[in-house]
Amino acid sequence: MRSRVAGVRRRDRHGRGLRGPLTPPQAPVSRTRAERFDDLVRDEVRRLGRRWGRELARVEFAVEEVPPVEPWFDGPVPLGQTRPGTGGRPVRIVIFRRPVEARAAGERETGRLIRDLLVEEIADLLGLSPESVDPSYDSPDD
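Under the numbering used here, the first residue of the sequence shown is numbered 1, with each subsequent residue one higher.
Below, the structure written as structure tokens:
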């Protein structure tokens, strides 16, 4: 057992001081990139769900870090994917966070790319054009 010298306070064993969050958890800056990405996807799914809620009732939306590809895969890295429902499980639309973030040049562009990916996957699933799923698809504004 180590004894303490009077007057010397140790904050941790490496002497770096107290460790912990620098901002309150409710502050936007305290959210990780993954959490902010999840929020962007969730907001877009909610927005599209207001218009297509009945058609998307049995569709599950998910975010994964990277797509499952074989080591010898030699093609463009997928940004999103629709997985068919099997064994009573719902259809699943997946957005891959790391490739999307690598392609986008900032949070605004990331949001636009997420919107376009979800619209394209939903349009393909419903057999519609992306413009009919979301009139703002591929528009330069927002």
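Every residue, glycine too, gets a C-beta built ideally from N, C-alpha and C.
Treat the numbers as computed from the prediction; the structure is a model and nothing was measured.
*As assigned by DSSP and simplified to three states, the class of G49*: Look at G49 here: in three-state DSSP terms it is helix.
*What number of angstroms, rounded off, separates the C-alpha of E169 from the C-alpha of I93?*
Because the chain here runs from 1 to 142, residue 169 falls outside it and cannot be looked at.
*Could you say which of W72, E70, I95 and G75 lies nearest to T82 if we only look at CA atoms?*
For the residues W72, E70, I95 and G75, the minimum Cα distance to T82 belongs to I95.
*So, helix, strand or coil for T82, using DSSP?*
DSSP places T82 in strand when its eight states are reduced to three.
*Residue from L48, T110, L79 and R112 whose Cα sits closest to the Cα of P99*: Out of L48, T110, L79 and R112, L79 has the C-alpha closest to the C-alpha of P99.
_Endpoints, alpha helix (DSSP H) assigned at R108_ = DSSP places R108 in the uninterrupted alpha helix (DSSP H) bounded by E107 to L126.
*At what residues does the alpha helix (DSSP H) containing V133 begin and finish?*
Unbroken alpha helix (DSSP H) run through V133: P130 to V133.
_Taking the alpha carbon of G85 as the reference point, which residue from F61, G106 and F37 has its own alpha carbon closest?_
The residue with the shortest Cα to Cα distance from G85 is F61.
*Do L118 and E44 have their C-beta atoms within less than 7 angstroms of each other?*
Yes, these two residues count as a Cβ contact at 7 angstroms.
*Taking just the CA atoms, how far does A123 sit from G53?*
Going by the C-alpha atoms only, they are around 14 angstroms apart.
*Can you give me the Cβ contacts of A104 inside the same chain, cut-off strictly under 6 angstroms, excluding the 5 residues immediately before and after it?*
Contacts found: T110 and L113.
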